[in-house]
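Below: the structure, in structure tokens.
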Amino acid sequence: MIRVQAEDVNIGALIEAAKRPGTGAVVLFDGIVRDDDITEMELEAYAEVAVAEMEKIARAATEQFRLLHVDIIHRIGRLRVGDNILIIVVSAGHRPEAYAGSRYIIEEIKKSVPIWKKELTKDGGRWVPGEHGHGAGKL
Amino acid sequence: MIRVQAEDVNIGALIEAAKRPGTGAVVLFDGIVRDDDITEMELEAYAEVAVAEMEKIARAATEQFRLLHVDIIHRIGRLRVGDNILIIVVSAGHRPEAYAGSRYIIEEIKKSVPIWKKELTKDGGRWVPGEHGHGAGKL
Amino acid sequence: MTVKLRFFARFRELLGTDIIVEPHDGTLLAALVAEVARKNTDGYAAIFDEQGTFREFVILMRNGKRVETAEAGTITVADGDEIAVFPPVAGG
Amino acid sequence: MTVKLRFFARFRELLGTDIIVEPHDGTLLAALVAEVARKNTDGYAAIFDEQGTFREFVILMRNGKRVETAEAGTITVADGDEIAVFPPVAGG
Chain A
271 MIRVQAEDVN IGALIEAAKR PGTGAVVLFD GIVRDDDITE MELEAYAEVA
321 VAEMEKIARA ATEQFRLLHV DIIHRIGRLR VGDNILIIVV SAGHRPEAYA
371 GSRYIIEEIK KSVPIWKKEL TKDGGRWVPG EHGHGAGKL
Chain B
271 MIRVQAEDVN IGALIEAAKR PGTGAVVLFD GIVRDDDITE MELEAYAEVA
321 VAEMEKIARA ATEQFRLLHV DIIHRIGRLR VGDNILIIVV SAGHRPEAYA
371 GSRYIIEEIK KSVPIWKKEL TKDGGRWVPG EHGHGAGKL
Chain C
-6 MTVKLRFFAR FRELLGTDII VEPHDGTLLA ALVAEVARKN TDGYAAIFDE
44 QGTFREFVIL MRNGKRVETA EAGTITVADG DEIAVFPPVA GG
Chain D
-6 MTVKLRFFAR FRELLGTDII VEPHDGTLLA ALVAEVARKN TDGYAAIFDE
44 QGTFREFVIL MRNGKRVETA EAGTITVADG DEIAVFPPVA GG
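Chains as they are written, first to last, in the numbering used here: chain A, 271 to 409; chain B, 271 to 409; chain C, -6 to 85; chain D, -6 to 85.
Below is the structure:
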């Protein structure tokens, strides 16, 4: 399941659904709104392109790390400290592929998926700068 | 929570509980009974020593990777294909520490925690050989 | 013909989004973005430098595919195009 | 005095576990394990080689602390000791 959505997800259900035949390891990454002196966070996506790009990343990770299952759910809208922002679930036969595949996916998402975050503070708000100067570099 | 137990865990609840102040990333590792032509798996632990060793590993990981929370739950008893064997949950401010801390913990557990697995097959059973010849190397 | 412009993040705050324009045939992509951006001084300055060139970090897409800003002055828009203009991505 | 022997995994299947023994003072750790293991030929052979030396992969603990098998012939057991004998670990 590759999605950009406002709703939260049921992580336990995702993990169960990720147990495909041959699975020996599941790795979940959960990116969380961190309390950097903010009140809330507002996330915005170029949704159609973001989903297409995440699907591309999932396919590349599946092939490169022989993953058995991939979920990527990126939330948008208004989130609070402690809320889930990004959930990545990967299954593999063995743990090295599961860890490497999970890490590959998050790093690629940071590079190329058109999503933006604004941290809302008592004094207003600030857009979080991209980690990669040029952004969307691989699209 | 560091435990050796027969019962399964509620992964969703563990993830929520792992969100300590400052958390920006949670990484969960779930080791699963893989369908290697087995019917079931039987796990056995030297429980008191296993828990003490996992506590030591958790403390070392917390210090080395500045983790904010660690759970390690290793199941014992009779498990079926697809069942959770080992759940590791770690929280950190940022993803590099969360991934590295999680990976450190699983590798150390494989080396030194006195737990054994027997794969039960149609023809009987076979003890899974340790990944590290000498086992309990660091105790 | 009809073209849709989508701005995101800071650019959206300054310029709005889902802006439908009706350029004449042969309109260049860069010119179209500049024309729409000019309605707000800060919005224009966020995207273009003093020479009227796209700022180095600006990302352009046409129908979901990346277009180099350096080439946007040579590409004409077509009926039904969706042009997206945004700052570096920061998801995850 | 009373000492408890705990075997795990394959060793437990062959020899049982939680075996309470009452060695006399000065009994060496290696001798105690050998004595208990001798009750089952396969169990003994799993832990000791033909020279009666601990097999290279065998792990020994006394009260939860690792004891090198090479030193087990020089260590005397004490009242209340818990001695654990097991093959390489395979958790995770």
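Positions of the beta carbon are idealized from the N, C-alpha and C atoms, including for glycine.
As DSSP reads the structure, lysine 388 of chain A sits in a beta bridge with A/Glu312 and A/Trp397. Per the Cβ contact rule, the stretch 4 to 12 of chain D is not in contact with the stretch 283 to 299 of chain B (fewer than 3 Cβ pairs under 8 Å). Taking 9 Å as the cut-off, the beta carbon of tyrosine 369 of chain B is found no closer than this to the beta carbon of tyrosine 316 of chain A.
Taking 9 Å as the cut-off, the beta carbon of glycine 292 of chain A is found no closer than this to the beta carbon of leucine 349 of chain A. Under DSSP, the beta-bridge partners assigned to isoleucine 357 of chain B are B/Asp300 and B/Ile343.
Measuring C-alpha to C-alpha distances from aspartate 305 of chain B to each of B/Lys392, B/Glu401, B/Pro399 and B/His364 identifies B/Lys392 as the nearest. The Cβ atoms of phenylalanine 50 of chain D and tryptophan 386 of chain B lie no closer than 9 Å to each other.
Per DSSP, leucine 284 of chain A is not a residue of any beta strand (DSSP E); the alpha helix (DSSP H) it occupies stretches across 281 to 287. In the three-state reduction of the DSSP assignment, glutamate 15 of chain D falls in the coil class, being assigned neither a helical nor a strand state. Close to glycine 57 of chain C, with beta-carbon spacing below 7 Å, are these residues of chain A in chain order: Glu318, Val319 and Ala322. In this structure, the CA atom of alanine 276 of chain A is about 15 Å from the CA atom of glycine 352 of chain A.
For isoleucine 357 of chain B and isoleucine 342 of chain B, the gap between their C-alpha atoms comes out near 6 Å. In terms of Cβ geometry, lysine 380 of chain B and glutamate 312 of chain B do not form a close pair [threshold 9 Å]. Taking 9 Å as the cut-off, the beta carbon of alanine 77 of chain D is found closer than this to the beta carbon of leucine -2 of chain D.
Look at isoleucine 327 of chain B here: in three-state DSSP terms it is helix.
Scanning B/Asn354, B/Asp307, B/Gln334 and B/Thr332 for the CA closest to the CA of arginine 396 of chain B turns up B/Asp307. Following the DSSP letters along the chain, one finds valine -4 of chain D inside the beta strand (DSSP E) bounded by residues -4 to 0.
Rounded to whole angstroms, the gap between the alpha carbons of glutamate 28 of chain D and valine 14 of chain D is 10 Å. Taking alanine 23 of chain D as the centre and dropping the five residues before and after it, the same chain places the C-beta of Ala65 and Gly66 closer than 6 Å to its C-beta, in chain order. For alanine 39 of chain C, no beta strand (DSSP E) segment is defined; the enclosing uninterrupted segment is the alpha helix (DSSP H) at 34 to 40.
Under DSSP, the beta-bridge partners assigned to threonine 69 of chain C are C/Leu21. Excluding five sequence positions before and after leucine 21 of chain D, the CB atoms of its chain that fall closer than 8 Å to its own CB belong to Ala65, Gly66, Thr67, Ile68, Thr69 and Val70, given in chain order. Counting the other CB atoms within 10 Å of its CB gives glycine 371 of chain B a total of 16 or more, which places it among the buried residues.
Annotation: leucine 25 of chain D to glycine 19 of chain D spans about 10 Å, alpha carbon to alpha carbon. With respect to chain C, the C-beta atom of leucine 313 of chain A has a partner C-beta closer than 9 Å.
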